[in-house]
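Asks: Chains as they are written, first to last, in this note's numbering: chain A, 1064 to 1176; chain B, 85 to 194. We put the CB at the ideal spot given by N, CA and C, even for glycine. Quantities reported herein were computed from a predicted structural model and do not represent experimental measurements.
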């Protein structure tokens, strides 16, 4: 078990471009979460999957954001038409069905220029 | 979801015990108190979780009084590597999403 992995670790993009991030959770974890964190703040919840079903989405997740978990394993988070305000660390976490503890990945740092 | 309040920052010295208190006045019956630790450029890491009285693991102790309106995370004999942000949460809603505040920035000095 290598923990939660996220790719890429860093992404620099120009305003208006689309970006996609990938998260690979711990293999036996059926719950997967996306969070966003800006400098000096705690992580903010974006969305939550149980297996392949997206069960909750934050109002922070505008229509430019979409997340998928097609086979209940890895997940992708896509941001379309990026804006400078999207610059943040995007964190993925996973948890098992029998425990509340969430395991976080190292995050993807997005910079929109 | 219970709102939590904790100090913005704390300073300590190596070898001291550090106690970080969190207030959660509107905690619900089903809420657990959970603490996470975060180092710069890393995701948060679970430290400890408890419902009442005292919980201890290899990293920390968590003290929760009977009314559960506050809790105290105790870090024994801190080292420089304990410098981090510590978040207190009461996450127990049906989706298990975590609502983080701004946390407590602990600085451990030599």
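Round the Cβ separation of residue 1089 of chain A and residue 1166 of chain A to the nearest angstrom and send it over; I've been treating them as touching at under 8 Å.
Replies: Along the first chain, read from residue 1 onward, the residue named residue 1089 of chain A stands at position 26. Along the first chain, read from residue 1 onward, the residue named residue 1166 of chain A stands at position 103. Indeed, because the Cβ distance is near 6 Å, the residues count as touching under 8 Å.
Asks: Please say whether residue 134 of chain B and residue 148 of chain B have beta carbons closer to each other than 7 Å?
Replies: Taking the second chain and counting its residues from 1, one reaches residue 148 of chain B at position 64. Taking the second chain and counting its residues from 1, one reaches residue 134 of chain B at position 50. In this structure, residue 134 of chain B lies closer than 7 Å to residue 148 of chain B by Cβ.
Asks: Taking the beta carbon of residue 1161 of chain A as the centre, do at least 16 other beta carbons fall within 10 Å, making it buried, or is it exposed?
Replies: Indexing the first chain from 1 puts residue 1161 of chain A at position 98. Looking at its Cβ environment, which holds fewer than 16 other Cβ atoms inside 10 Å, residue 1161 of chain A is exposed.
Asks: To the nearest whole angstrom, what separates the beta carbons of residue 158 of chain B and residue 117 of chain B, a pair I think is in contact under 8 Å?
Replies: By 1-based counting over the second chain, the position of residue 158 of chain B is 74. By 1-based counting over the second chain, the position of residue 117 of chain B is 33. That pair is no contact at about 13 Å.
Asks: Would you grab the beta carbon distance between residue 1108 of chain A and residue 1153 of chain A for me? Rounded to a whole angstrom, and I think it's under 8 Å.
Replies: As a position in the first chain, residue 1108 of chain A is number 45, starting the count at 1. As a position in the first chain, residue 1153 of chain A is number 90, starting the count at 1. About 12 Å; that fails the 8 Å criterion.
Asks: At a Cβ threshold of 7 Å, is residue 123 of chain B touching chain C?
Replies: The chain labelled as chain C is not found among the protein chains of the depicted structure, namely A and B.
Asks: Need the endpoints of the beta strand (DSSP E) that residue 1073 of chain A sits in, please.
Replies: In the first chain, the residue the question calls residue 1073 of chain A occupies position 10. First-last of the beta strand (DSSP E) with residue 1073 of chain A: 1073-1076.
Asks: Residues of chain A with CB closer than 8 Å to the CB of residue 170 of chain B, please, in chain order.
Replies: Locating residue 170 of chain B in the second chain gives position 86, where the first residue counts as 1. Those do not exist, as residue 170 of chain B stays about 11 Å from chain A at its closest Cβ, beyond 8 Å.
Asks: Just checking: is the beta-carbon of residue 1135 of chain A within a distance shorter than 7 Å of some beta-carbon in chain B?
Replies: Translated into positions along the first chain, residue 1135 of chain A becomes position 72. No, no contact with chain B.
Asks: Using DSSP's beta-bridge definition, name the partner residues of residue 150 of chain B.
Replies: Counting from 1 along the second chain, the entry for residue 150 of chain B is found at position 66. In DSSP, residue 150 of chain B forms no bridge with anything.
Asks: Just the Cα atoms here: how many angstroms apart are residue 1128 of chain A and residue 1071 of chain A?
Replies: The residue given as residue 1128 of chain A occupies position 65 in the first chain. The residue given as residue 1071 of chain A occupies position 8 in the first chain. When rounded, the distance between both Cα atoms is 17 Å.
Asks: Take residue 145 of chain B as the anchor and find which of B/160, B/122 and B/152 has the nearest alpha-carbon.
Replies: Start at 1 with the first residue of the second chain, and residue 145 of chain B comes out as number 61. Looking at the Cα atoms, B/160 is the closest of the given residues.
Asks: Can you find a C-beta in chain A that's less than 7 Å from the C-beta of residue 187 of chain B?
Replies: Position 103 of the second chain holds residue 187 of chain B. So, interface residue.
Asks: Name the chain B residues that come within less than 9 Å of residue 1158 of chain A, Cβ to Cβ?
Replies: Indexing the first chain from 1 puts residue 1158 of chain A at position 95. Those within 9 Å of residue 1158 of chain A in chain B are 180.
Asks: How many angstroms separate the CA atom of residue 122 of chain B from the CA atom of residue 189 of chain B?
Replies: Locating residue 122 of chain B in the second chain gives position 38, where the first residue counts as 1. Locating residue 189 of chain B in the second chain gives position 105, where the first residue counts as 1. Whole-angstrom Cα-Cα distance: 9 Å.
Asks: Buried or exposed for residue 90 of chain B, going by 16 or more other Cβ atoms inside 10 Å?
Replies: Indexing the second chain from 1 puts residue 90 of chain B at position 6. Buried is the call here.
Asks: Return the residues of the region 128-162 of chain B that lie within a Cβ-Cβ distance of less than 9 Å from chain A, sorted by chain order.
Replies: Per Cβ criterion, the list reads 128, 129, 130 and 133.
Asks: I want to verify the contact list: residues of chain A whose CB lies under 8 Å from the CB of residue 183 of chain B, in sequence order.
Replies: The residue labelled residue 183 of chain B in the question sits at position 99 within the second chain. 1108, listed in chain order.
Asks: In the structure shown, what three-state DSSP assignment does residue 166 of chain B receive?
Replies: Position 82 of the second chain, counted from the first residue, corresponds to residue 166 of chain B. Three-state DSSP puts residue 166 of chain B in a helix.
Asks: Which residue wins for smallest C-alpha separation from residue 1174 of chain A, given the options A/1068, A/1067, A/1066 and A/1075?
Replies: Mapped onto the first chain, residue 1174 of chain A falls at position 111. Answer by Cα proximity: A/1075.
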